[in-house]
Amino acid sequence: MTALRHALVTGGSSGIGKAVAQRLGKAGHTVSICGRDPEKLRSAAKELAELGVSVTTLSADVSDPQQVRELVGRAVEANGPIGILVNNAGRNGGGKTAELTDELWREVLGTNLDSVFYVTREVLSRGGIHDVEHGRIVNIASTAGKQGVLLAAPYSASKHGVVGFTKAVGKELAPQGIAMNAVCPGYVETPMATRVRRAYADAWETTEAEVLTAFEAKIPLGRYSTPDEVASLVEYLTTEGAASITAQALNVCGGLGNF
Ligand code: NAD
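So the mapping is simple: our numbering equals the position in the sequence shown, first residue as 1, plus 752.
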């Protein structure tokens, strides 16, 4: 029996975030999801409702601290203090480093790393997580947060940042009874994975199918992970049994990385 809480999932309208919303909703938690596009949020909420999970949708750009302040305020107003935060929103981005623009660098760091700080700070200061038993924060980093990924310097830098942030803040929050961990997916079949394969196909002047074959060959399991396999670890980390796991970065990657 796990304590039921209000869970806020950023980037919950697609891929891994949507799978996390589904799992946490099925487990009985009250779920709020956020994203930038109200239409995508509506369609995700409809899809989740058909699976028996009802969610509150809140539009916000998590790379903007003002919008984050409003997001957390609206989430608390709708569903009460936040007991579970899943910082999942993110984007891919890279290229040859000599050709990277300032805009792309800032956009990737802002979306993947600054957002994790903004949302976490807001949930810790005004989101009510200290009023809830078994408070949990899970940051979706990446195996790219532990090793460099070719042609993805901004992405790798942002995800290494998320892992470092998690390890530091996890230690700070442990005495307060809040566990914080990073989950590090390898290759996961989502809309982002399709965009990544397209970008490598362009860079290597080959086809997306060839890129898929090359990526799968690197994974000992021989296939991409599914969003639900990532969501399953996130769900476990929110349970009472996972209380002593904190300040860690745990891989879900079919053996791609063992570090
Ligand atoms: P996705 O593109 O399917 O979903 C990303 C979600 O984040 C979408 O809902 C999008 O609307 C939201 N989002 C993006 N920028 C936002 C912003 N500024 N404000 C609010 N919402 C925003 O991608 P996904 O594959 O499900 O990725 C989810 C997380 O998992 C990301 O952090 C990603 O880096 C990480 N990840 C993915 C993979 C993979 O192979 N798919 C591997 C490792 C890590």
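We put the beta carbon where it would ideally sit given N, CA and C, even for glycine.
- Per DSSP, the unbroken beta strand (DSSP E) holding residue 888 starts and ends at 888 to 892.
- Distance between residue 834 and residue 959, taken at the CA atoms: about 44 Å.
- Ligand 1 has no heavy atom closer than 7 Å to the beta-carbon of residue 870.
- Between residue 955 and residue 909, the alpha-carbon positions lie close to 20 Å from each other.
- Rounded to the nearest angstrom, the Cβ distance from residue 879 to residue 828 is 6 Å, consistent with a contact under 8 Å.
- Distances from the CB of residue 790 to the heavy atoms of ligand 1 are all 7 Å or more.
- A check of alpha carbon separations from residue 1010 across 937, 866, 948 and 969 identifies 937 as the nearest.
- Close CB contacts of residue 939 within its chain, under the 6 Å cut and outside five residues either way in sequence, are with 967 and 976 (chain order).
- Within the DSSP secondary-structure output, residue 783 pairs in a beta bridge with 759 and 807.
- For residue 884, the closest of 930, 862 and 843 by C-alpha to C-alpha distance is 930.
- For residue 860, same chain residues with a beta-carbon under 7 Å away, outside a window of 5 residues either side, are 843, 845, 906, 907 and 910 in chain order.
- Residues of the same chain with their beta carbon placed closer than 7 Å to that of residue 927 are lacking, with the five preceding and five following residues left out of the count.
- For residue 776 against residue 755, the beta-carbon gap comes to about 13 Å, at or over 8 Å, which does not count as contact.
- Around the CB of residue 969, fewer than 16 other CB atoms lie within 10 Å, so the residue is classed as exposed.
- In terms of Cβ geometry, residue 796 and residue 980 do not form a close pair [threshold 8 Å].
- Unbroken alpha helix (DSSP H) stretches of 4 residues or longer found wholly inside the stretch 844 to 894: 854 to 861 and 867 to 878, given in chain order.
- Taking 8 Å as the cut-off, the beta carbon of residue 890 is found closer than this to the beta carbon of residue 838.
- Of the residues 1003, 993 and 902, the one whose Cα lies closest to the Cα of residue 886 is 993.
- Under the three-state reduction of DSSP, residue 971 is assigned to coil, being neither helix nor strand.
- In the three-state DSSP reduction, residue 1010 falls in the coil class, being neither helix nor strand.
- Taking a C-beta distance under 8 Å as the contact criterion, residue 934 and residue 914 qualify as a contact pair.
- A residue is called buried when at least 16 other Cβ atoms come within 10 angstroms of its Cβ; residue 818 does not meet this threshold and is exposed.
- Set against 7 Å, the gap from the CB of residue 787 to the closest heavy atom of ligand 1 is smaller.
- Rounded to whole angstroms, the gap between the alpha carbons of residue 803 and residue 809 is 16 Å.
- Excluding five sequence positions before and after residue 1007, the CB atoms of its chain that fall closer than 8 Å to its own CB belong to 971, 972 and 973, given in chain order.
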